[in-house]
Amino acid sequence: MVFKEMAQNIAKSTSDVIGCGVLVTDENGIIIGCNDEKRLGEFHGPSVKVMKENSPMTTSSEDAEGLKNVLPGYTLPIQFYDRVVGSVSIAGSPDEVARYGLLVQKQAEIMFREQAFMESKLLRERALRDLVENIAVFDVRNVNEEFIRIQGRELGYDLSRCRTAIVVQMKKWGEGTAESSFQKMLREVYASFSNPRDLICPQENYSVTIFFSPSFDTAHEHADEAAEMLTDGLIGTLKDKGIEADAAIGFPSSDLAGLARSLRTARDALRLGSQLGSEGVMSAKNFTSEMLLDLLPFPKRGEFVTRTLSGLIGRKDYDEIKKTFLVWCEAPFAVGAAAERLAMHRNSLQYRLKKIRAITGKDPWNFKDAFELWAAFILRDLR
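With our numbering, letter number 105 in the sequence shown gets 116, and the count goes up by one each step, no holes.
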């Protein structure tokens, strides 16, 4: 029980404050916390009567002489809501220590409630994480869908209303510790996604998973737009507060299988985007091709990259050539637009593209060759 785990802390801390001996018993009168640790495990007779009658009691020197392991003092019950869960006893002359009684009793009850609250919060967070991971691995062919829906309802969430998975990852912070910055980020997440139907789950590595539930029934694209707007606002607010974070939005969904896919694609987009140098808010729909490439076995990736880029790898201008080609892919066959984005003359762009063709044997103006080059550049970054 939580009470037993913190009883020693209650006895020590209150003893330090009032300068008197303090002991704490469980509901059976066994000492489970004491400033004198030698007394742990002993039976404290007065506590049994105090807890049974739910009323404080003094123990005089004369009374203590006839009892085993009992000192003169003042004993009070400890309550958790409407239940007596233990007792606290202050050693000393009853007339002297009785004045500390209410203080020590309330201190013990407050500490117990705080600890119980933290314990309950941790248990809920653990249950939320279990739910999120069960959804992440959900396969309609192998998993009972109703079991997961019941798990969600027990935590207060209707998963059928959730439309999009969002993953937020803290990566840099200013003043304070990482933990305090993460708690600050969590507060902003709750403020941005304030609909009680939104499932928000803090996770390891300073990340948060959100199952976004729009406050209105709407088509997929509108739910996606709402999710992007809220996520953009969140990342901007965090930046203003000195916290840098990335976020990824999964594909929109309409059922539990779709929600599982949304979560997996959000996680993939965040991971792939980070490896490819993206930052801020990323959408899974913009990483569809990268996700397909990511499915290739690692040995095959290496073979393909080496075969396709063998003439480029190791060159001092590799990064320049890669950037030129990737921008070209974003505006294929539009030399003017690509040159403008690269802040170079059209002729300079043409020269670089011809250099790529000469070195690799792949023609940037040919769709199939261009795709192979693009895939090789991406796979090399993903490695």
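Ideal placement from N, C-alpha and C gives every residue a C-beta, glycine not left out.
Only a predicted model underlies this, so the values are computations on that prediction, with no experimental measurement involved.
Taking 7 Å as the limit between beta carbons, can you name the residues of its chain near residue i, skipping five residues before and five after?
| i | result |
| --- | --- |
| residue 286 | 392 and 393 |
| residue 296 | 262 |
| residue 104 | 83 |
| residue 183 | 255 |
| residue 81 | 55, 56, 57, 70 and 75 |
| residue 46 | 22, 23, 26, 32 and 33 |
| residue 349 | 338, 339, 342 and 360 |
| residue 72 | 83 |
Nearest to residue i by CA position, among the options, is which residue?
| i | options | result |
| --- | --- | --- |
| residue 55 | 72, 141, 26 and 98 | 98 |
| residue 50 | 36, 63 and 171 | 36 |
| residue 266 | 196, 109 and 146 | 146 |
| residue 121 | 197, 144, 240 and 92 | 92 |
| residue 257 | 38, 331, 237 and 196 | 196 |
| residue 181 | 253, 371 and 344 | 253 |
| residue 310 | 293, 215 and 390 | 390 |
| residue 234 | 364, 268, 291 and 176 | 176 |
| residue 345 | 376, 326, 371 and 216 | 376 |
| residue 168 | 202, 356, 211 and 185 | 211 |
| residue 202 | 304, 136 and 249 | 249 |
| residue 268 | 186, 138, 100 and 152 | 152 |
| residue 371 | 350, 349, 329 and 348 | 329 |
| residue 378 | 343, 349 and 18 | 343 |
| residue 400 | 206, 172, 209 and 215 | Because the chain in this structure spans residues 12 to 394, residue 400 falls outside the shown range and cannot be described. |
Assuming residue i contacts residue j (C-beta within less than 8 Å), just tell me the rounded distance between them.
| i | j | result |
| --- | --- | --- |
| residue 298 | residue 274 | That pair is no contact at about 15 Å. |
| residue 225 | residue 174 | 6 Å |
| residue 40 | residue 58 | 4 Å |
| residue 238 | residue 222 | That pair is no contact at about 10 Å. |
| residue 241 | residue 204 | 6 Å |
| residue 22 | residue 52 | About 13 Å; that fails the 8 Å criterion. |
| residue 220 | residue 178 | 6 Å |
Excluding five sequence neighbours on each side, which residues of the same chain lie with their C-beta closer than 6 Å to the C-beta of residue i?
| i | result |
| --- | --- |
| residue 25 | 33, 115 and 118 |
| residue 28 | none |
| residue 162 | 142 |
| residue 88 | 61, 62, 65, 95 and 98 |
| residue 293 | 259, 280 and 284 |
| residue 69 | 85 and 105 |
| residue 321 | none |
| residue 17 | 126 |
Leaving aside the five residues before and after residue i along the sequence, list all residues of the same chain whose C-beta is less than 8 Å from its C-beta, in chain order.
| i | result |
| --- | --- |
| residue 409 | Here the chain has residues from 12 to 394 only, and residue 409 is not among them. |
| residue 353 | 334, 335, 338 and 360 |
Any heavy atom of the ligand ADP closer than 7 Å to the Cβ of residue i?
| i | result |
| --- | --- |
| residue 262 | With respect to the ligand ADP, the structure shown offers nothing to examine, as it has no ligands at all. |
Mind checking if residue i is an interface residue toward chain D, Cβ cutoff 8 Å exclusive?
| i | result |
| --- | --- |
| residue 233 | Checking the listed chains, one finds no chain D in this structure; it contains a single protein chain. |
Contact the stretch 355-369 vs the stretch 338-347: 3+ CB pairs below 8 Å: The stretch 355-369 vs the stretch 338-347: in contact.
Those runs of the alpha helix (DSSP H) which lie wholly inside the stretch 272-355 and span at least 4 residues: Counting whole runs of 4 or more residues, the stretch 272-355 contains the alpha helix (DSSP H) stretches 299-305, 309-320, 329-341 and 346-353.
Touching by the beta-carbon criterion (3+ pairs, under 8 Å), the stretch 244-252 and the stretch 126-139: no
Inside the stretch 19-69 only - alpha helix (DSSP H) runs reaching at least 4 residues: 56-64
Any beta strand (DSSP E) of 3 or more consecutive residues that is wholly inside the stretch 88-159: Secondary structure remark: continuous beta strand (DSSP E) runs of at least 3 residues inside the stretch 88-159, in chain order: 94-102.
Alpha helix (DSSP H) runs wholly inside the stretch 221-271, at least 4 long, in chain order: List check, alpha helix (DSSP H) in window: 231-251.
In chain order, each alpha helix (DSSP H) run of at least 4 residues that lies wholly inside the stretch 355-386: Contiguous alpha helix (DSSP H) elements confined to the stretch 355-386 occur at 357-371, taking only those with 4 or more residues.
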